[in-house]
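Reading the sequence shown from the start, the letters are residues 102 to 488 in our numbering.
Beta carbons: idealized from backbone N, C-alpha and C, even for Gly.
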Amino acid sequence: MMARKTVINAVGLLCLLPFVLMLSGSLKGSPVLSQYGMALLQSPEFIRGFWNSIIYTVLILAVNLPVSLLTAYGLTRFALWGRRGILWLYIILMLMPFQATMVSQYLALKAMGLLNTPWAVILPNAFSTFGAFLMTQYMRGFDHSLYDAAQIDGMSEWSMFCRLVTPVCKPIITALGVLSFVNYWSTVEQPSLFLDNATLMPLAVRLNGRMTFSGFAFACGVLFSVLPLLLYIYSYNDLQGGIGLTAGTGTQALPKEGQKRQSWAVKAAAGFLTIMLACTLITGKVSYMMTPQVSVWTLERKAPVLSEYKCVVPQECVRGSRAFAVMPYAYDRSLWQIIALDVRVEQMQDGFAAITGAIPSQAVFVCQSDRAIAPGDVVRIAAEAYK
């Protein structure tokens, strides 16, 4: 028995290790919590991705849970012809990986004109067969004599579904809700394939695209994990019941400790969402004040000297063997993002430099900035240089 507990505790600690490393990584830096301030107050794309994830997940669950419960009720309540075949079809669809169906889904969404819209993510997941299959297996243990007793009492089918079946199925509804929430909250493949507009991307795609081990990325990961953790804490007892019980045995009464845990989880989730809402309201103003202002030089303008060269820019645009240019920022078209171009200075004259390299014909070079900038930084164009 002691050896078994030791193994269980060791596995539990091993599962917690990634989150502990992420939490410790988010606390590195000076000051300690500066990364969280950057994520909440200076990163509009993080806030937008967070609310996109909330909208996608809530809408998917709002459709998937009722549809799955109604489907399970129909397949277990009535002697439908071909229901065994329907269940096998559900199993086949459930076992097929997304990679096997993504082409057909893409073509169907394209034919319906839903690509690059939120519905391209919501509709395929809202009618997932996993929930219907899981609830059907759970409701097979329901005592059918209760249906007969309810009919004798004069209850309609809808009344039986709402007042008899739904309360008994609370554990499996909660278990499916938690599993589905975590799955859709962290979905990456479908938004990446079906969406082109960066402003529609959920937070999981945004974090997946960062691919760095900076304190800021770790802080974003911690904030991304808060809601699933709180949901698990709230539904711990119902989650165990949904996995461990059958519909025929009913549900277990929630102990006082579980009630306190649920109350704490609700308050913590409400506080967290309130903080996110407040940050959403003020992050635009804070981000505007913290965004560097730059003056730029476009290649369309002709320099007064060195006319024999194709690319001539002010000397301030060249920083050693590199030049900073800007490209439109995917998450906000009013902003620009810094990129670094490798260049070679061929000649300088009267404050201008002739440069060569892999330079786009429509490049916009950064001449001056009101603070230090680096590749990847988001900036705002204040004016054209030398005008």
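Give every residue of the same chain whose Cβ lies closer than 6 Å to the Cβ of Pro119, excluding the five residues on either side of it in the sequence, and list them in chain order. none
Endpoints, alpha helix (DSSP H) assigned at Ile253: Ser246 to Ile253
Taking the alpha carbon of Asn153 as the point to measure from, which residue in Gly113, Thr107, Phe325 and Met203 has its own alpha carbon closest? Phe325
Provide the residue(s) that pair with Glu485 in DSSP beta bridges, ordered along the chain. Val397
Return yes when the Cβ of Ala221 is within less than 8 Å of the Cβ of Leu210, no when it is not. yes
If we ignore side chains and look at the alpha-carbon of each, how far apart do Pro476 and Thr230 end up? 45 Å
Beta-carbon gap between Ile456 and Val427 smaller than 8 Å: no
Determine whether the beta carbon atoms of Ala459 and Ser396 lie at a separation below 8 Å. no
So, using beta-carbon positions, are Arg307 and Phe425 closer together than 8 Å? no
Out of Leu382, Ser205, Pro225 and Ala320, which has the shortest C-alpha to C-alpha gap to Met123? Ala320
Taking all protein chains shown into account, do 16 or more other C-beta atoms lie within 10 angstroms of the C-beta of Lys360, making it buried, or fewer, making it exposed? For the sequence presented, residue 360 should be read as Gln rather than Lys. When all chains shown are included, Gln360 counts as exposed.
Simplified DSSP state of Arg472, which is helix, strand or coil: coil
Rounded to a whole number of angstroms, what is the C-alpha to C-alpha distance between Ser246 and Arg185? 22 Å
Using a Cβ-Cβ cutoff of less than 6 Å, which residues in the same chain neighbour Ser470 once the five nearest sequence positions on both sides are dropped? Pro393 and Val395
Contact between the segment 270 to 287 and the segment 160 to 177 (3+ Cβ pairs under 8 Å): yes
Below 6 Å CB to CB, which residues in the same chain sit around Trp462 once its five sequence neighbours on both sides are set aside? Note on residue identity: the sequence assigns Ser, not Trp, to residue 462. Closer than 6 Å at Cβ, skipping near neighbours: no residue.
Give me the Cα-Cα distance between Met103 and Ile334, rounded to the nearest whole angstrom. 26 Å
Anticipated Cβ contact below 8 Å, Tyr157 with Tyr285, distance rounded: 6 Å
Have a look at Ser281 and Val479 and give me their C-alpha separation to the nearest angstrom. 35 Å
Looking at the unbroken beta strand (DSSP E) that takes in Leu117, where does it start and where does it end? Note, Leu117: premise wrong, no beta strand (DSSP E); alpha helix (DSSP H) at Met103 to Ser127.
Could you tell me which uninterrupted alpha helix (DSSP H) segments, each at least 4 residues in length, are contained entirely in the segment 219 to 248, listed from first to last along the chain? 220 to 227 and 230 to 240
Residue nearest to Thr399 in terms of C-alpha spacing, selected from Leu442, Gln438 and Ala464: Ala464
Just to confirm the assignment, what range does the alpha helix (DSSP H) spanning Thr158 have? Pro145 to Arg178
Integer Cβ distance of Leu141 from Thr384, believed to fall under 8 Å: 7 Å
Let me check one thing: in DSSP terms, what residues is Leu442 bridge-paired to? Ala424
Under the DSSP definition of a beta bridge, which residues are partnered with Trp286? Looking at the DSSP assignment, Trp286 forms no beta bridge with any residue, so it has no partner.
Would you mind stating whether Gly316 and Gln136 have Cβ atoms separated by less than 8 Å? yes
Here's a check: name, in chain order, each residue in its chain whose Cβ is nearer than 6 Å to the Cβ of Val289, leaving out the five neighbours to either side. Ala305, Val306 and Asn309
Using CA atoms only, rank isn't needed, just tell me which of Val323, Phe453 and Leu332 is closest to Gly126. Val323
Spatial neighbours of Phe453 within its chain, please: CB distance less than 8 Å, with the 5 preceding and 5 following residues excluded, ordered by chain position. Ala404, Pro405, Val406, Leu407, Val413, Val414, Pro415 and Gln416
Buried or exposed for Phe234, please, with buried defined as at least 16 other CB atoms from any protein chain shown within 10 angstroms of its CB. buried
Taking the alpha carbon of Asp339 as the reference point, which residue from Val327, Ala318 and Arg362 has its own alpha carbon closest? Arg362
DSSP on Glu417, reduced to helix/strand/coil? helix
Go through its chain and collect everything with a Cβ distance to Leu265's Cβ below 7 Å, but skip five positions before and after it. Leu247 and Ala251
Mapping the DSSP letters down to three states, classify Val406 as helix, strand or coil. coil
By DSSP, does Trp189 sit in helix, in strand, or in coil? helix
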